[in-house]
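Residue numbers (the working numbering): 1 to 224.
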């Protein structure tokens, strides 16, 4: 196990008492996945998005089961995707061709979370991406309402920090200007509100709060 993955395992144990955590492909930001025992959930996996989970992912985003899936409120706050087959195949292609790092969280054969890091291939290679020439990868996360308040969201952010550390990129995100809960959540997890000129912000999104991850090294690289 490389140092970054080892440090992640240490933090997960300290903060959330995660047991039996095992990584696969921990050197590849697109293929990395893990299995663990998560408190109040049980067996949990984070794996790359794939066609194997098309049905469960569609149910998750369409809110088919209130015991597992996103609520209408959460979907309205998330970067919602259409869940028709063409869109799902397009998402999968972006993963298999190593353009985006997109992962899903699974337990008991249900998708309960979605983690998205866009255009990682362009940012890693130093090429111009959708947001210009910025070197920060944009992220988005969505967690089933049933699993809020138990640390799964923060655990998911830590996983994205690990992916970023492996890829050698920084992170940023945009949230709704009325979503105080999201702003507090991201601030608690190491993000700070970006100041003008710190990152490139598309003109059509300038009225939204943008957050940039500060000091990812303190979470991944530094030893105790």
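Glycine is no exception: its CB is placed at the ideal position from the N, C-alpha and C atoms.
As the structure is a computational prediction, the values presented were derived from the model and not from experiment.
DSSP three-state assignment for residue i, whether helix, strand or coil
i, result
"residue 51", "helix"
"residue 85", "helix"
"residue 91", "helix"
"residue 156", "helix"
"residue 42", "strand"
"residue 11", "helix"
"residue 32", "coil"
"residue 183", "helix"
"residue 106", "strand"
"residue 65", "coil"
Own chain partners of residue i with C-beta closer than 6 angstroms, once the 5 adjacent residues on each side are dropped
i, result
"residue 118", "100, 138"
"residue 30", "98, 101"
"residue 226", "The structure shown has nothing for residue 226, since the chain only spans 1 to 224."
"residue 35", "22, 45"
"residue 186", "211"
"residue 13", "none"
Residues sharing a beta bridge with residue i, DSSP
i, result
"residue 19", "37"
"residue 212", "172, 192"
"residue 140", "116"
"residue 101", "117"
"residue 111", "106"
"residue 24", "33"
Other residues of its chain near residue i: CB distance less than 8 angstroms, five sequence neighbours each side excluded
i, result
"residue 188", "154"
"residue 33", "23, 24, 25, 45, 46, 47, 48, 103"
"residue 51", "88, 89, 92"
"residue 177", "207, 208, 209"
"residue 109", "56"
Residue i classed as buried or exposed, judged by whether at least 16 other C-beta atoms fall within 10 angstroms
i, result
"residue 116", "buried"
"residue 25", "exposed"
"residue 94", "buried"
"residue 10", "exposed"
"residue 65", "exposed"
"residue 168", "exposed"
"residue 195", "exposed"
"residue 149", "exposed"
"residue 43", "exposed"
"residue 130", "Bear in mind that a pLDDT of 47 at residue 130, under 50, signals an unreliable position, so the number given afterwards is only what the model happens to contain. Result: exposed."
"residue 15", "exposed"
Contact under 8 angstroms by Cβ, residue i with residue j
i, j, result
"residue 192", "residue 211", "yes"
"residue 67", "residue 146", "yes"
"residue 88", "residue 57", "yes"
"residue 8", "residue 213", "no"
"residue 156", "residue 105", "yes"
"residue 216", "residue 182", "no"
"residue 152", "residue 113", "yes"
"residue 307", "residue 162", "Since the first residue of the chain shown is 1 and the last is 224, residue 307 is not available in this structure."
Cβ-based neighbour list, residue i, same chain, cut-off 7 angstroms, excluding 5 preceding and 5 following
i, result
"residue 160", "115, 117, 139, 171"
"residue 2", "26, 27"
"residue 121", "98, 99"
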